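A quick write-up on the structure given underneath.
2 protein chains.
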Amino acid sequence: MVRVGIVGYGNLGRGVEAAVANNEDMQLVAVFSRRDPKSVKIRTENVPVYALDDAVNHKDEIDVMIICGGSATDLPVMTPEIAKNFNVIDSFDTHANIPTHFANVDKSAKAAGKTAMISVGWDPGMFSIARLYGNAILNNGKDYTFWGKGVSQGHSDACRRVEGVADARQYTIPVPEALESVRNGENPELTTRQKHTRYAYVVAKEGADKKRIEKEIKEMPNYFADYDTTVEFISQEEMDKNHSKLMHGGSVFRTGVTGLNGENKHVIEYNLKLDSNPEFTGAVLVAYARAVARMNSEGMIGCKTVFDVAPAYLVNMSGDEIRAHLL
Amino acid sequence: MVRVGIVGYGNLGRGVEAAVANNEDMQLVAVFSRRDPKSVKIRTENVPVYALDDAVNHKDEIDVMIICGGSATDLPVMTPEIAKNFNVIDSFDTHANIPTHFANVDKSAKAAGKTAMISVGWDPGMFSIARLYGNAILNNGKDYTFWGKGVSQGHSDACRRVEGVADARQYTIPVPEALESVRNGENPELTTRQKHTRYAYVVAKEGADKKRIEKEIKEMPNYFADYDTTVEFISQEEMDKNHSKLMHGGSVFRTGVTGLNGENKHVIEYNLKLDSNPEFTGAVLVAYARAVARMNSEGMIGCKTVFDVAPAYLVNMSGDEIRAHLL
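Chains as they are written, first to last, in numbering that gives the first Met the number 0: chain A, 0 to 326; chain B, 0 to 326.
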């Protein structure tokens with residue numbers, strides 16, 4: 000059994016909880032929260048909730064801590080700190096800051112003889128692996144990543160910050176023609192606008208100026224200005240009924256040529272269609288938590304990423320079994 | 000530089016030759032053949048062809064031998080034998096015999112302190128990895144593998160063995176409705192016939208009985224009897240013009256559910272569209288040959304499969320580079 004602790008009980012923490020319950024070799028030992036533990040009600044029976052500050056008192060009960068915090072402010076502090084006493088894994092997804100985060104976590108983990116893994120999920124995570132395999136095989140080629148159709152929480156939050164907005168949900172949608180062109184191996188050059196459109200469902204506060212809200216959203220720099228965006232106003236009731244699922248997904252492509260004269264074309268596509276982004280991310284984290292526990296028992300300490308994990312470490316099967324059934 | 004030897008100069012050997020030429024950290028040192036070396040003309044300049052029996056005299060010049068023989072009779076003998084003196088890699092694809100082949104190769108490689116890797120290509124190979132990742136993440140789910148549209152060399156050969164057939168090329172084609180149903184997460188139960196159709200282009204010898212040929216192909220056990228097969232007679236000229244490319248591809252799906260009550264569905268698809276099966280397989284072999292050389296230098300000896308290779312070993316980039324550019 001791999002004994003798991005969860006740090007943080009939001010959407011992702013709940014996704015990890017479900018994934019642990021669905022893997023018979025994994026056991027949830029405790030949930031740790033910065034909130035008052037008495038106020039946190041989890042769905043797994045007979046599992047305690049502790050204050051995060053008390054975590055160190057449970058270090059001998061837990062093989063891997065799965066840290067379910069936000070990348071902006073939580074993980075840069077939490078992961079290196081918790082790695083001083085635990086094997087850890089997180090889903091840090093601020094691409095530009097990965098080198099710094101890696102260095103900080105590596106330092107803590109190495110000093111403590113622990114194994115840490117960062118940026119695990121689907122992007123970064125499974126999409127990163129698809130990019131790496133694609134580059135390794137078709138070294139003479141081009142990368143494309145499309146996201147969606149899916150809910151972008153960052154863009155939904157950005158809409159909610161506009162004055163007069165009561166609630167919002169933003170979908171990122173790949174442009175079908177762009178997707179088709181890449182899939183056909185046409186190697187198109189695509190601008191940001193040609194790759195994705197954005198669709199925002201907005202609940203306006205009573206009396207709010209919808210024209211202004213729509214304009215402010217569509218012209219918001221970084222988030223919307225570079226995209227063709229549609230804003231649709233709906234009722235809170237409709238929002239709750241039709242837009243509660245955190246669906247997501249996307250495609251990673253590597254297109255390239257082989258042959259002494261580049262005469263043969265190839266298209267590799269890795270595609271995800273996810274009903275629940277946090278539950279799928281949780282499932283990826285739990286598979287890699289299994290690898291973290293094994294790698295630590297084999298003396299592989301320090302900070303790792305998905306690139307450092309041989310696939311065999313991810314499943315609860317022997318080498319003989321995976322060669323017989325999956326090769 | 001990784002110094003590579005190629006054993007066998009058929010379609011696959013040529014594919015490997017092209018892949019080595021396309022990777023600046025790989026160098027082709029020699030081609031080894033069972034034919035008279037003087038009769039083997041390769042496309043890379045200034046690279047010698049030697050008799051396979053002389054290979055051992057070149058053991059200090061070569062880091063990895065890429066063995067491009069057939070799975071039926073060549074590789075079961077060649078790979079364990081060559082592993083006594085070289086790091087080796089092959090594309091052994093007789094699924095049922097993998098455990099035996101693995102054991103034989105492992106014994107040779109371990110005794111010699113060499114690293115061996117078997118069953119590398121796209122199926123087995125990249126498709127196997129897709130199956131494993133899918134099973135690791137969605138452990139509560141279902142696997143589907145579709146092949147094609149592509150040329151099956153085994154089925155083409157089977158057609159050619161029918162009396163009166165001068166030439167044949169057989170395409171395996173996924174049934175679009177089956178593919179669509181899996182892609183939509185409907186988890187269909189599919190028979191062999193419901194998953195793929197077969198399409199055979201046949202050149203009949205002069206005066207041959209086409210009715211009989213068609214019947215014999217369609218009723219051939221194991222190869223065609225379980226499928227809806229179309230036989231189309233064409234001229235040799237048309238065959239040479241339209242059916243010379245060894246195109247192939249396919250999709251590996253893992254569909255499954257997450258959540259405490261299995262309430263959310265997910266679909267993972269890994270898809271390949273290949274203009275040239277042997278060149279793509281060659282490109283995969285060369286990426287894994289790089290890993291074999293590195294793993295041997297790190298003391299990882301014995302027989303391995305793609306499941307044992309951390310993705311980072313496959314590319315000619317440092318850990319810092321892959322984290323910065325691909326994660």
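Each residue gets a CB set at the ideal place from its N, CA and C atoms; glycine is no exception.
Just so it is clear, the structure is predicted and the values come from calculations on it, not from any experiment.
Can you tell me the Cα-Cα spacing of residue i and residue j, whole angstroms?
i, j, result
"valine 174/A", "lysine 194/A", "5 Å"
"aspartate 122/B", "alanine 157/B", "20 Å"
"alanine 50/A", "threonine 78/A", "16 Å"
"arginine 42/B", "histidine 324/B", "34 Å"
"asparagine 270/A", "leucine 271/B", "11 Å"
"threonine 307/B", "valine 164/A", "Rather than threonine, the amino acid found at residue 307/B in this sequence is aspartate. So the two alpha carbons sit approximately 51 Å from each other."
"glutamate 80/A", "serine 250/A", "34 Å"
"aspartate 105/B", "glycine 298/B", "14 Å"
"lysine 327/B", "histidine 94/B", "Because chain B in this structure spans residues 0 to 326, residue 327/B falls outside the shown range and cannot be described."
"alanine 110/A", "asparagine 134/A", "34 Å"
"valine 87/B", "serine 118/B", "11 Å"
"glutamate 213/B", "phenylalanine 232/B", "9 Å"
"phenylalanine 223/B", "tryptophan 146/B", "15 Å"
"isoleucine 61/B", "glycine 318/B", "26 Å"
"lysine 40/B", "valine 30/B", "10 Å"
"asparagine 241/A", "alanine 129/B", "33 Å"
"glutamate 162/A", "glutamate 215/A", "9 Å"
"aspartate 239/A", "valine 202/A", "10 Å"
"glycine 301/B", "alanine 292/B", "13 Å"
"glutamate 262/B", "glycine 153/B", "42 Å"
"glycine 7/A", "serine 155/A", "21 Å"
Buried or exposed: where does residue i fall if 16 or more other Cβ atoms within 10 Å of its Cβ makes it buried?
i, result
"asparagine 276/B", "buried"
"glutamate 44/A", "exposed"
"methionine 116/B", "buried"
"proline 75/B", "buried"
"methionine 125/B", "buried"
"alanine 290/B", "buried"
"aspartate 92/A", "buried"
"serine 38/A", "exposed"
"threonine 99/B", "exposed"
"glycine 248/B", "buried"
"glycine 140/A", "buried"
"glutamine 235/B", "exposed"
"asparagine 260/A", "exposed"
"serine 243/B", "exposed"
Can you round the beta-carbon distance between residue i and residue j to whole angstroms, since I take them to be within the 8 Å contact cut?
i, j, result
"valine 3/B", "valine 63/B", "6 Å"
"arginine 192/B", "aspartate 227/B", "6 Å"
"proline 353/B", "tyrosine 132/A", "Outside the modelled stretch of chain B, which goes from 0 to 326, sits residue 353/B, for which no answer is possible."
"leucine 11/B", "serine 90/B", "7 Å"
"isoleucine 97/A", "leucine 313/B", "Their Cβ separation, rounded to whole angstroms, is 20 Å, which puts isoleucine 97/A and leucine 313/B out of contact at 8 Å."
"methionine 294/A", "threonine 114/A", "5 Å"
"alanine 22/B", "asparagine 138/A", "As written in the sequence, residue 22/B is asparagine, which differs from the alanine given in the question. The Cβ separation is near 6 Å, so the contact holds."
"leucine 273/A", "histidine 265/B", "5 Å"
"arginine 322/A", "threonine 304/B", "6 Å"
"glycine 281/A", "valine 15/A", "4 Å"
Going by CA-CA distance only, name the one from the options that's closest to residue i.
i, options, result
"methionine 219/A", "Ile267/A, Ala129/A, Lys204/A, Arg197/A", "Arg197/A"
"glycine 258/B", "Ser243/A, Val256/A, Glu278/A", "Glu278/A"
"lysine 327/B", "Lys204/B, Ala207/B, Asp307/B, Tyr200/B", "Residue 327/B lies beyond the residue range present for chain B, which begins at 0 and ends at 326; the question has no answer from this structure."
"valine 360/B", "Ala17/B, Glu80/B, Glu213/B, Gln169/B", "No statement about residue 360/B is possible, as the shown extent of chain B runs from 0 to 326 and does not include it."
"glycine 120/B", "Arg33/B, Gln26/B, Glu231/B, Ser70/B", "Ser70/B"
"aspartate 59/B", "Ile88/B, Val28/B, Ile65/B, Lys37/B", "Val28/B"
"serine 296/A", "Gly9/A, Phe85/A, Ile5/A", "Phe85/A"
"serine 180/B", "Thr254/B, Met316/B, Val104/B", "Thr254/B"
"leucine 245/B", "Gly9/B, Val150/B, Asn96/B", "Val150/B"
"glycine 68/B", "Lys83/B, Lys40/B, Ser32/B", "Ser32/B"
"asparagine 315/A", "Gly153/A, Gly298/A, Tyr287/A", "Tyr287/A"
"valine 19/A", "Leu326/A, Tyr312/A, Ile65/A", "Ile65/A"
"threonine 144/A", "Val87/A, Ile267/A, Lys303/A, Glu231/A", "Ile267/A"
"alanine 167/A", "Arg322/A, Thr304/A, Tyr8/A, Glu237/A", "Glu237/A"
"asparagine 183/B", "Phe252/B, Arg211/B, Cys302/B, Asp53/B", "Phe252/B"
"aspartate 225/A", "Phe101/A, Lys209/A, Arg211/A, Thr171/A", "Thr171/A"
Sort out for me which residues DSSP pairs residue i with in a bridge.
i, result
"serine 250/A", "Phe145/A, Asn270/A"
"histidine 195/B", "Pro173/B"
"threonine 72/A", "Answer by DSSP bridge pairing: none, since threonine 72/A is not bridged."
"alanine 167/A", "Val201/A"
"arginine 211/B", "Its beta-bridge partners do not exist; DSSP assigns none."
"alanine 29/A", "Gly4/A"
"tyrosine 226/B", "Answer is none; tyrosine 226/B lacks a bridge partner."
"cysteine 158/A", "DSSP lists no partner for cysteine 158/A."
Using a beta-carbon distance below 8 Å, is residue i in contact with chain E?
i, result
"lysine 272/B", "The structure shown contains no chain E; its protein chains are A and B."
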